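Chains as they are written, first to last, in my numbering: chain X, 1 to 274; chain G, 1001 to 1316.
The block underneath contains the structure these notes are about, expressed in structure tokens.
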């Protein structure tokens, strides 16, 4: 980008630039912030899934395998492991899109700081959602390596698990951040967590195939992004599933992410450009 | 680049005509006109709620005007917001620093929004921290800085892009006198370096210290404009005699001193007599047999101008 020297001001000298687009600069903010503060999150992001995995595999898994033999043709640990990644993606993304987003509007006011520079509300949305996706993918890479070490991956497609996790995360982050942009206080977050996130976690086929559920509940679950995320992760890890069904799951997550992003841009603009 | 379309004044950095800002039914800014020239220090003086911050946000190209014309640096904020903002420095009313990060990192993070190279930001940051007398606190968390230091860090932050126009919304509200004077001194230096300053304040002494020209705002309208000197000459007398009558109040005395002054203002705790020669009038007050508990002769200030124009005081 070139800066024209302006004859009507005393200053206006050309500024040196790197040449990054505005949303990428805003994304850098998230990465740089993370690089300065990541130590505090290591436990929840990386250690937690490993603990879960150990508990599920050694505890529940042993019990299930002793009674039922296998689930969908694989040991219980192999069945549940990829689902835990999708679940982690949901949890991280939901958290990231509630309190931190509200804080950037209301308490640290860092969104207001950003828009006093060449950054626009749309840049902020793209940067935030990209960062959530990257963050989830980073956790996904670690987690996939752990799964490999546990020996529960059955397909080379498992290399795509971090991408599937990122998409699952995005399908939560975008609509939730759009909602947060309309809020003045965090009161509803905890309700959403208890009545939304936790039931999704219990009924989306993480711990058992949804064929175990009554018919009406199976229909409801079709509208839950985590169900689709779990299905894709399981397909990649186990090498099961058909392309058509996988395309259906992908389409759902992409559509929700896209719609959420549009709403997010609209709501960020409404809140900041007043 | 397009020049500002004002005949005979091609140098206006900011020009507004009939500028309006409404929030639903509420009109915050009610059709104001002004021009800010390169290199000057321009003030918006008025009480809280006068529409100053809304005006600032429109000039900063953050908040779109509801109606009227606005050009900033010769451009239309609606179409060139990011391009204009690349050349503005904004010191908002609330510092909004990243409290978790060091002073230095605050400057680096902000500088990156302008796409400046890291090495360049570091170089500028070091000299700005020195300019704002924060060099020895560069690696301290922003959270650990005092109020005055946070304010100075916010000013340093706004200067990282070497802006043509520095916009300051209430730069010293909430600071102790020593911290205020330090901020003023730094702003004065920037001005002498050719930076155009746009300042809102509800402190008349700040406006007198810093502003070459100013407009007085009240309830969304501009009620007067000029240099501080012009405003005082036009709307007040040379001197003011302040009389306090203690606990019994000045009620009964207001009328008897009225004939001695050009104008008398009654404040809750004192009477203000607008006069040309304060000492002479004080003698006349004593000659009438009145014995005020205390009497003070002072020069007229912008506070008196505001009182005259609106019937209210600036700070309440």
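We put the beta carbon where it would ideally sit given N, CA and C, even for glycine.
In this text, all values refer to a predicted model and were calculated from it rather than measured experimentally.
Sheet register partners of residue i (DSSP bridge)
i, result
"residue 1225/G", "1215/G"
"residue 1089/G", "1166/G"
"residue 1201/G", "1045/G"
"residue 1239/G", "1275/G and 1299/G"
"residue 1032/G", "1019/G"
"residue 1244/G", "1294/G"
"residue 133/X", "Paired residue(s): none; residue 133/X is not in a bridge."
"residue 1075/G", "1072/G"
"residue 261/X", "BP columns for residue 261/X are empty, so no partner."
"residue 1196/G", "1165/G"
"residue 1012/G", "1037/G"
"residue 71/X", "74/X"
Under the three-state DSSP convention, the category residue i falls into
i, result
"residue 1023/G", "strand"
"residue 1161/G", "coil"
"residue 1143/G", "helix"
"residue 1263/G", "strand"
"residue 1068/G", "strand"
"residue 208/X", "coil"
"residue 1208/G", "helix"
"residue 2/X", "Because residue 2/X sits at a pLDDT of 40, beneath the cut-off of 50, its placement in the model cannot be relied upon, and the following sentence gives the value as read from the coordinates. In this structure, residue 2/X counts as coil in the three-state DSSP scheme."
"residue 1037/G", "strand"
"residue 231/X", "helix"
"residue 1156/G", "helix"
"residue 1234/G", "helix"
"residue 1180/G", "helix"
"residue 188/X", "helix"
"residue 1310/G", "helix"
"residue 93/X", "helix"
"residue 15/X", "coil"
"residue 110/X", "helix"
"residue 171/X", "helix"
"residue 104/X", "helix"
"residue 1151/G", "helix"
"residue 1102/G", "strand"
"residue 181/X", "coil"
"residue 1058/G", "helix"
"residue 65/X", "helix"
"residue 222/X", "coil"
"residue 1120/G", "helix"
Within chain A, partners of residue i - CB distance below 7 Å
i, result
"residue 1086/G", "Annotation note: the requested chain A is absent from the structure, which comprises protein chains X and G."
beta-carbon residue i near the ligand GDP non-hydrogen atom, thresh 6 Å
i, result
"residue 1242/G", "Among the components modelled here there is no ligand, and therefore nothing to report on the ligand GDP."
Option in the options with minimal Cα separation from residue i
i, options, result
"residue 1038/G", "1248/G, 1022/G, 1274/G and 1197/G", "1197/G"
"residue 1108/G", "205/X, 244/X, 239/X and 33/X", "33/X"
"residue 955/G", "1297/G, 1266/G and 1103/G", "Any property of residue 955/G remains undetermined from this structure, which presents chain G solely from 1001 to 1316."
"residue 1210/G", "1189/G, 1019/G, 1285/G and 1120/G", "1189/G"
"residue 92/X", "254/X, 139/X and 82/X", "139/X"
"residue 60/X", "115/X, 78/X and 190/X", "78/X"
"residue 1086/G", "73/X, 229/X and 14/X", "14/X"
"residue 154/X", "104/X, 239/X and 47/X", "239/X"
"residue 1254/G", "1246/G, 1247/G, 1265/G and 1248/G", "1265/G"
"residue 1012/G", "1228/G, 1259/G, 1084/G and 1036/G", "1036/G"
"residue 229/X", "180/X, 73/X, 216/X and 246/X", "246/X"
"residue 134/X", "73/X, 121/X and 89/X", "89/X"
"residue 64/X", "47/X, 76/X and 254/X", "76/X"
"residue 1111/G", "1101/G, 1125/G and 1099/G", "1125/G"
"residue 1166/G", "1148/G, 1154/G and 1123/G", "1154/G"
"residue 1049/G", "1123/G, 1169/G, 1134/G and 1101/G", "1169/G"
"residue 1217/G", "1310/G, 1121/G and 1178/G", "1310/G"
"residue 23/X", "194/X, 253/X, 197/X and 123/X", "123/X"
**Report entry** Chain-ordered residues of the region 17 to 28 of chain X with a beta carbon less than 8 Å from chain G
**Finding:** Under the 8 Å Cβ criterion, the region 17 to 28 of chain X contributes 17, 18, 19, 20, 22, 25, 26 and 28.
Query raised in the report: Using 8 Å as the threshold, is the region 1239 to 1251 of chain G in touch with the region 1201 to 1220 of chain G, meaning 3 or more CB pairs across them?
Result: Counting Cβ pairs under 8 Å, fewer than three are found: no touch.
Query raised in the report: At a Cβ cut of 8 Å, what residues of the region 88 to 110 of chain X count as close to chain G, listed as they run along the chain?
Result: Correct list: 108, 109 and 110.
Query raised in the report: Can at least three beta-carbon pairs, one atom from the region 86 to 105 of chain X and one from the region 165 to 176 of chain X, be found at a separation below 8 Å?
Result: The region 86 to 105 of chain X, when compared against the region 165 to 176 of chain X, does touch it at the 8 Å Cβ threshold.
Requested in this report: Could you tell me whether the region 1220 to 1228 of chain G touches the region 1185 to 1201 of chain G, where touching means 3 or more Cβ pairs closer than 8 Å?
Outcome: Cβ pair count under 8 Å is below three, so no.
Report task. Report yes or no: do the region 254 to 267 of chain X and the region 1044 to 1057 of chain G share at least 3 C-beta pairs separated by less than 8 Å? Result -> Segment contact: the region 254 to 267 of chain X against the region 1044 to 1057 of chain G, fewer than three CB-CB distances shorter than 8 Å; contact not assigned.
Query raised in the report: Between the region 1093 to 1106 of chain G and the region 100 to 119 of chain X, do three or more beta carbon pairs fall short of 8 Å?
Result: Flag = yes, the region 1093 to 1106 of chain G and the region 100 to 119 of chain X touch.
Requested in this report: May I ask you to list, following chain order, the residues of the region 30 to 61 of chain X that have a beta carbon less than 7 Å from some beta carbon of chain G?
Outcome: Against chain G - using a Cβ distance shorter than 7 Å - the residues of the region 30 to 61 of chain X are 32, 36 and 37.
Requested in this report: Examine the Cβ distances between the region 232 to 248 of chain X and the region 146 to 166 of chain X and report whether three or more of them are shorter than 8 Å.
Outcome: By the C-beta criterion, the region 232 to 248 of chain X is judged to be in contact with the region 146 to 166 of chain X, since at least 3 inter-stretch pairs fall below 8 Å.
Report task. Would you list, in chain order, the members of the region 1056 to 1087 of chain G that have their beta-carbon closer than 8 Å to a beta-carbon of chain X? Result -> Residues of the region 1056 to 1087 of chain G with a Cβ closer than 8 Å to any Cβ of chain X, in chain order: 1060, 1062, 1063, 1064, 1073, 1074, 1081, 1082, 1083, 1085, 1086 and 1087.
Report task. Evaluate the contact criterion for the region 1059 to 1071 of chain G versus the region 1014 to 1026 of chain G: three or more CB pairs, one atom per stretch, below 8 Å. Result -> Contact between the region 1059 to 1071 of chain G and the region 1014 to 1026 of chain G is present, because at least three Cβ pairs lie under 8 Å.
Query raised in the report: Touch check for the region 68 to 83 of chain X and the region 203 to 212 of chain X: three-plus C-beta pairs under 8 Å?
Result: With three or more CB-CB distances shorter than 8 Å, the region 68 to 83 of chain X counts as touching the region 203 to 212 of chain X.
Query - Inter-stretch contact (C-beta, 8 Å, three-pair minimum) for the region 1112 to 1121 of chain G and the region 1141 to 1156 of chain G - result: Because the criterion of three Cβ pairs below 8 Å is not met, the region 1112 to 1121 of chain G and the region 1141 to 1156 of chain G do not touch.
Requested in this report: Check distances from the C-beta atoms of the region 1168 to 1192 of chain G to those of chain X and list, in chain order, the residues that come in under 7 Å.
Outcome: Within the region 1168 to 1192 of chain G, no residue has a Cβ that lies closer than 7 Å to any Cβ of chain X.
Query raised in the report: Does the region 23 to 40 of chain X come close enough to the region 114 to 130 of chain X to have 3 or more Cβ pairs within less than 8 Å?
Result: Look at the beta carbons and you see the region 23 to 40 of chain X touching the region 114 to 130 of chain X: at least three pairs across the two are nearer than 8 Å.
Query raised in the report: When you check each C-beta in the region 69 to 85 of chain X against every C-beta of chain G, which residues fall closer than 7 Å?
Result: Of all residues in the region 69 to 85 of chain X, none places a beta-carbon less than 7 Å from a beta-carbon of chain G.
**Report entry** Under 7 Å (Cβ pairs) to chain X, residues found in the region 1112 to 1135 of chain G
**Finding:** Along the region 1112 to 1135 of chain G, the positions whose C-beta sits under 7 Å from a C-beta of chain X are 1112, 1113, 1114, 1115, 1116, 1117 and 1120, read in chain order.
Query raised in the report: Touch check for the region 243 to 260 of chain X and the region 183 to 190 of chain X: three-plus C-beta pairs under 8 Å?
Result: Note that the region 243 to 260 of chain X does not touch the region 183 to 190 of chain X; fewer than 3 beta-carbon pairs, one per stretch, sit closer than 8 Å.
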